[in-house]
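Residue 73 in numbering that gives the first Met the number 0 is what sits at position 74 of the sequence shown, and the numbering runs on without skipping anything.
Below: the structure, in structure tokens.
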Amino acid sequence: MNKAFRIICPVCILLVLSLFIACSSDNPASTRKPPEEPVLAGSIGVYADEEGTDPNLVDTGGTVVFYVVHDVANGATASAFKIETPAGWVRIGAEVQFPLSIGDIDDGIAIAYGTCLFDAVHVMTLTYQSPGNSPSGTLFKVLPHSVWPEGIQVVDCRNNLLENGIGKESPVSLP
0 MNKAFRIICP VCILLVLSLF IACSSDNPAS TRKPPEEPVL AGSIGVYADE
50 EGTDPNLVDT GGTVVFYVVH DVANGATASA FKIETPAGWV RIGAEVQFPL
100 SIGDIDDGIA IAYGTCLFDA VHVMTLTYQS PGNSPSGTLF KVLPHSVWPE
150 GIQVVDCRNN LLENGIGKES PVSLP
């Protein structure tokens with residue numbers, strides 16, 4: 000018999016036996032599941048800039064442009080939400096940055112991004128006529144879609160529906 004075979008064969012048998020023992024149902028280690036990483040849907044907010052870095056919105060008493068940005072480190076392919084517009088503000092336009100969307104921002108809009116996107120995703124451009132006299136405490140709020148009130152919904156890059164998105168509140172101030 001070959002000397003190499005006599006050394007390698009027992010090693011192979013030991014490996015197979017150790018795998019069998021580790022995988023047997025009597026072994027408590029085999030029933031342990033690896034810790035699940037939390038899947039984060041990110042946050043969606045209304046910002047003064049396309050990058051989503053300035054949440055402070057200014058009521059200039061004229062036409063203003065704001066941006067809806069989805070900040071998602073783990074990646075996303077779609078989202079669903081609505082925006083609560085403060086009293087006295089008149090929306091002139093709402094332009095979705097992606098070709099596939101359904102609904103409106105008042106009752107709820109669902110937007111498909113078309114691919115897996117990460118970090119600050121510019122989702123919409125909003126144009127308003129601001130009143131020029133917003134009281135202290137005025138906020139633009141991103142809320143769950145009216146049809147799916149469980150939470151801000153996001154589809155991650157593995158096509159999992161997540162309902163743990165965070166809707167941001169953006170304060171309005173006078174110049």
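Heads up, the beta-carbon is just placed ideally off N, CA and C, and yes, glycines get one too.
Item: Bounding residues of the beta strand (DSSP E) (the contiguous stretch that carries E83); Value: T62 to E83
Item: Segment contact, 8 Å Cβ cut-off, at least three pairs: the region 94–111 with the region 156–163; Value: no
Item: Inter-residue spacing [alpha-carbon to alpha-carbon] between G60 and S129; Value: 5 Å
Item: Continuous beta strand (DSSP E) stretch holding P170: start and end; Value: E168 to S172
Item: With 16 other Cβ atoms within 10 Å as the buried cut-off, status of A86; Value: exposed
Item: Buried versus exposed call for S78 [16 or more other C-beta atoms within 10 Å across all chains shown]; Value: buried
Item: Environment of I185 [buried if 16+ CB atoms lie within 10 Å]; Value: The question about residue 185 has no answer here: the residues shown for the chain are numbered 0 through 174.
Item: For A152, the residue or residues it bridges with in DSSP; Value: According to the sequence provided, residue 152 is Gln. The question's Ala does not apply to it. A79.
Item: DSSP bridge partner residues for D194 (one or two, in chain order); Value: Because the chain spans 0 through 174 in this model, residue 194 falls outside it and cannot be assessed.
Item: Close beta carbons around F117, own chain, < 6 Å, minus the five adjacent residues each side; Value: G74
Item: Whether S135 touches V45 by CB criterion (8 Å); Value: no
Item: Top-ranked residue by Cα proximity to Q152, from G107, N132 and G113; Value: G107
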